[in-house]
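Each step along the sequence shown adds one to the number in my numbering, with nothing skipped, and position 62 is 154.
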Amino acid sequence: MNFRNEKESGSSLEIYTDGSCHTQLLIGGWAALIFTGKEKIILSGKENNTTHNRMELVAVISAIEYTQKNYPLTKELTVFSDSQYVIGLKAREKKFRASDFTTKKGNEVRNSDLVKKLLRLEETLTIHFIKVKAHQQKTEAINHNIEVDLICRKIVRDAVRVAL
């Protein structure tokens, strides 16, 4: 199968994501690995004035948006993440929508911009979220999780070095 046919096949893709943040300097990094069956694609980025959970969300959203743009026929994704925050969003969706993304105290739910964006993306695709336990016995999923973890932590380390 050549690359062009694979892009058009509409098959399922696997995505591994992670986010990291220096909590004092609020410098964050994120990374995603996308496996198409033919190749491994690495996405990553850095943001300032951010949090760990935002970086986890940005990693997932960036990977999904990349697949939509570059693999438009793919309608099923499997996302592996060690973030319970990301994995648990779908279970909290009804509560978020019922409260119009507002807390009991009347404040906007943290990261609601990204939460809304991810929930919208889930409306157009079948996305299976799988929780990966960080720092466990080596399996293929754990190895890929370690790889994205190393990438995003390096991004944060390098950015902190420049900032100091």
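Glycine residues also receive a C-beta, built at the ideal position from the N, C-alpha and C atoms. All values reported here derive from a predicted model rather than from experimental measurement.
Residues of its chain near residue i, where Cβ-Cβ distance is below 6 Å and the 5 sequence neighbours each way are ignored
| i | result |
| --- | --- |
| Trp122 | Gly111, Gly137, Met147, Val150, Ala151, Cys244 |
| Lys223 | Ile179 |
| Thr170 | Glu106, His220 |
Exposure of residue i, with buried meaning 16 or more beta-carbon neighbours within 10 Å
| i | result |
| --- | --- |
| Val248 | buried |
| Asp174 | buried |
| Asn237 | buried |
| Leu256 | exposed |
| Gly257 | With the chain running from 93 to 256 in the structure shown, residue 257 is simply not present. |
| His124 | It is Ala, not His, that sits at residue 124 in the sequence shown. The residue in question, Ala124, is buried, as its Cβ has 16 or more Cβ neighbours within 10 Å. |
| Leu242 | exposed |
| Leu165 | exposed |
Helix, strand or coil at residue i according to DSSP, with G and I counted as helix
| i | result |
| --- | --- |
| Leu135 | strand |
| Ala251 | helix |
| Leu105 | strand |
| Lys223 | strand |
| Thr216 | helix |
| Asn145 | helix |
| Leu125 | strand |
| Asp110 | strand |
| Asn140 | strand |
| Gly120 | strand |
Cut-off 8 Å between Cβ atoms - residues of its own chain near residue i, not counting five sequence neighbours on either side
| i | result |
| --- | --- |
| Phe193 | Glu200, Val201, Ser204, Val207, Lys208 |
| Asn141 | Leu118 |
| Lys161 | none |
| Glu185 | Leu211 |
Distance cut-off 7 Å: residue i Cβ against heavy atoms of the ligand ZN
| i | result |
| --- | --- |
| Ile133 | Among the components modelled here there is no ligand, and therefore nothing to report on the ligand ZN. |
Anticipated Cβ contact below 8 Å, residue i with residue j, distance rounded
| i | j | result |
| --- | --- | --- |
| Ala183 | Ile107 | That belief does not hold up - the Cβ atoms of Ala183 and Ile107 are roughly 20 Å apart, past 8 Å. |
| Val240 | Thr143 | Not a contact, Cβ separation roughly 18 Å. |
| Ile153 | Leu211 | Rounded, the Cβ-Cβ distance is 11 Å, inconsistent with contact. |
Residues of its chain near residue i, where Cβ-Cβ distance is below 7 Å and the 5 sequence neighbours each way are ignored
| i | result |
| --- | --- |
| Tyr158 | Ile126, Leu135 |
| Phe188 | Val201, Val207 |
Could you pull out every unbroken beta strand (DSSP E) segment of at least 3 residues lying fully inside the segment 150–190, listed in chain order?
-> Listed in chain order, they are 168–173.
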